[in-house]
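Let me begin by presenting the structure, written as structure tokens, before commenting on it.
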Amino acid sequence: MSALLSVGAITVLFDGLTAISDVSFDVQQGELLGLIGPNGAGKTTMLRVITGVVRPTTGTVLLDGGSLDGLPTHLRIRRGLALSQQMVTPFRGMSLLDNVALAAGADKTASPVKALFHLRRERELETGRRLLSRLGIEPQANESPEIQPMGTLKRLELARALALAPRLLLLDEPLAGLNSKEARLLADTITEINRSGTTIILIEHNLGEVLRVCHRLVVLDNGEKIADGEPATVMNNAAVRAAYLGPGAAAQTGEQHAAA
Amino acid sequence: MEYEISLVTTMAISVLFALSLNLITGFCGQISLGHAAFLGVGAYTSGMLTKAGVPFLLTLPLAMLLAGALGVVVGLASLRVRADFLAITTMGVGFLFVGVVRQQEVLGAEMGISAIPDTGMSKAVFMLFAVALAAAAGLLSSYVRRCWMGRVFAAIAEDEDTVRVLGIDVPRFKLTAFALGTALAGLAGGLYAQQLKFIAPDSFGFIESITVLSMVVVGGIGSVIGVTVSAAVLSVLPSWFQVIGDYKLLVYGGLLFLMMRFSPGGMAALVARIFHPDRWAAK
């Protein structure tokens, strides 16, 4: 296996506060990597560094050996990243299908000139329907996102990210806000997506599902990487247990994070 | 007949001007409170060149080019600031235009440019020409709305950060909207100068910018038919009712406020609500 994504010595300072401190990890081709840690550990910031929304103070990000440093978000997406955000962001003025079709038309929206001279979108609608049905929300294809429950919107967010045909899919808490049955179903879908060849980084608080589906875990705490390895090994790691469960220590860091 | 011809020409130019703002504000969601400046750039370009002996028809592409180029420069501001700040920035550009033109002797300063030479077209032919250009702008707008560019514009109008995450180069699309919209405003300006034969800085000030924005908002932000109808109607009201001409800013500003308050989707949304009360898209 070769590394699809390589995060090298990333440090992020926000107004002098260290959000991420010298974190490195690789994501192998075909892997389903869990990026976990308590609230405020720096997981979402790390995702934003990868997508280029946050510029790291130092460090480098490589996708398939090519540097992403300094590239704006949309070019990183075109290199093969896709993001499903924690706070779902459907375009509310469009149907579910139109949302996914817009993402599926990436080759037609590559430049304004291309976009101006392309009218038809049968192929994108077809892709959209296929993805909506893969996520089990095809019956709502022509409805507005405004009237959908959170479970459907989470799936829509994922369908839209998949429509970009990414090499690396970044999922930020896709299971948050779902009940345990919905979460289990969506985690299964995520596993299937991974099995059919998409490499995934999964940020998730639902540890049960994370341990069930992830191949490997990277654990962040207070902006530092405290563990990296097989889920079972990682969860037996003393530092991880302290960060998550440790009596005293856990309560204390929990308060700090709440304050932050 | 003379009066009707002049009225229809005025309507056509207003429709063209309103559709040009609709491309920027309606389709792409970028507010502009200084759009009259681009009408002015077009009017001065075409007026000056015609006086210098350049054939009128040749001045129009040049008017579009110059207005569009300045539009891109203003559009650059839209990449840095958002919504309310963009409103202030574009308003500033509008004031800047009037302020600069007033000081330039070569542009006629306060007195403006008068005695712009004839095109060689009769009044009736010029009217048909203006109507044809307005119709072409309408067709172009409808096409843009339906093609992939229109889909991207609609998404940018709603949430540009998410559009970025879909791998779309938001700045280039925004600049394209500004270029297209301001170039069309320049075209409208060329026609405007030719119709009146006289232009002065005050014709392109804040009141004109508010008037055209109210045409777009009253018609229904983004709706090609709505904006066409409202621009046609609102542009001739001042010539029918003297009082509207006297209190332009009050009337159009008031209309703008009432629409934003009670029907943000404009007349187009009101009509849609009456005929398709159950369709979510009509909201």
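If you're matching them up, the sequences are chains A and B in order.
Residue numbers for the first sequence follow this note's numbering, beginning at 1304 and rising by one.
Residue numbers for the second sequence follow this note's numbering, beginning at 3 and rising by one.
Cβ atoms here follow ideal geometry from the backbone N, Cα and C, with glycine treated the same way.
If you're wondering where the values come from, they're calculated on a predicted model, not measured in any experiment.
Going along chain A, which residues have a C-beta under 7 Å from residue i?
i	result
V218 of chain B	Here the premise fails: no neighbours, minimum Cβ distance about 17 Å.
F175 of chain B	P1415
T230 of chain B	Those do not exist, as T230 of chain B stays about 21 Å from chain A at its closest Cβ, beyond 7 Å.
T91 of chain B	Residues of chain A passing the Cβ test: none, with the nearest at roughly 22 Å.
T178 of chain B	P1415
Taking C-beta pairs closer than 9 Å, name the residues in chain B that residue i reaches, listed in chain order.
i	result
R1458 of chain A	Going along chain B, no residue has its Cβ under 9 Å from R1458 of chain A, so there is no contact; the nearest lies around 16 Å.
With distances taken from CA atoms, which of the options is nearest residue i?
i	options	result
A1466 of chain A	A:D1410, A:L1510, A:N1509	A:D1410
T164 of chain B	A:H1421, A:I1440, A:N1402, A:V1516	A:N1402
A181 of chain B	B:G55, B:S80, B:A54	B:S80
R1379 of chain A	A:N1445, A:C1517, A:L1472, A:D1531	A:L1472
Q197 of chain B	B:F40, B:I158, B:G49	B:G49
T1363 of chain A	A:L1428, A:E1425, A:D1329, A:G1408	A:D1329
T178 of chain B	A:P1415, A:I1496, A:M1538	A:P1415
E1495 of chain A	A:E1485, A:V1326, A:A1312, A:L1335	A:L1335
Is residue i close to chain A? Criterion is C-beta to C-beta, closer than 8 Å.
i	result
M13 of chain B	no
E160 of chain B	yes
T27 of chain B	no
T184 of chain B	no
A271 of chain B	no
Would you say residue i reaches chain B, if we count a Cβ-Cβ gap shorter than 8 Å as a contact?
i	result
P1452 of chain A	no
R1426 of chain A	no
T1256 of chain A	There is no way to answer for residue 1256 of chain A, as the model of chain A reaches only from 1304 to 1563.
R1602 of chain A	For chain A, the structure presents residues 1304 to 1563; residue 1602 of chain A sits outside this window and is missing.
G1396 of chain A	yes
L1505 of chain A	no
H1518 of chain A	no
R1381 of chain A	yes
Q1559 of chain A	Unreliable placement is indicated for Q1559 of chain A, whose pLDDT of 47 sits below 50; no coordinate value is reported for it.
L1386 of chain A	yes
G1307 of chain A	A quick correction: the sequence has Leu, not Gly, at residue 1307 of chain A. It does not: the Cβ of L1307 of chain A has no partner Cβ on chain B nearer than 8 Å.
T1556 of chain A	Annotation note: pLDDT 46 at T1556 of chain A (below 50); position unreliable, coordinate value reported separately. Cβ-Cβ to chain B under 8 Å: no for T1556 of chain A.
H1421 of chain A	yes
A1542 of chain A	no
A1535 of chain A	no
A1490 of chain A	no
A1462 of chain A	no
Are residue i and residue j closer than 8 Å when you measure CB to CB?
i	j	result
L21 of chain B	V231 of chain B	no
L72 of chain B	V43 of chain B	yes
M93 of chain B	G36 of chain B	yes
T47 of chain B	P119 of chain B	no
I2 of chain B	L88 of chain B	It is not possible to answer for residue 2 of chain B, since the shown part of chain B is limited to 3 through 285.
E1460 of chain A	S1387 of chain A	yes
E1446 of chain A	S1398 of chain A	yes
V100 of chain B	G207 of chain B	yes
I209 of chain B	K250 of chain B	yes
I170 of chain B	T1412 of chain A	yes
Tell me, which residues are paired with residue i by DSSP?
i	result
E1425 of chain A	According to DSSP, which records beta bridges pairwise, E1425 of chain A is partnered with nothing at all.
R1519 of chain A	A:L1336
V1330 of chain A	A:L1308
T1347 of chain A	None, per the DSSP bridge assignment.
F1317 of chain A	A:L1320
A1385 of chain A	A:L1472
I1529 of chain A	Answer by DSSP bridge pairing: none, since I1529 of chain A is not bridged.
G1369 of chain A	A:L1366
Under 7 Å Cβ-Cβ, which residues of chain B neighbour residue i?
i	result
T1412 of chain A	W150, V154, I170
G1408 of chain A	W150
T1376 of chain A	R166, V167
A1479 of chain A	The contacting residues do not exist; A1479 of chain A stays about 18 Å from chain B at best.
For residue i, return the contacting residues in chain B, with the cut-off set at a CB-CB distance below 8 Å.
i	result
L1405 of chain A	R153, V154, A157, L168
L1467 of chain A	L168, G169
A1444 of chain A	Within chain B, no residue comes near A1444 of chain A; the closest Cβ sits about 13 Å away, beyond 8 Å.
For residue i, is the beta carbon positioned less than 7 Å from some heavy atom of the ligand COA?
i	result
R1463 of chain A	Looking at this structure, you won't find the ligand COA or any other ligand, since it has none at all.
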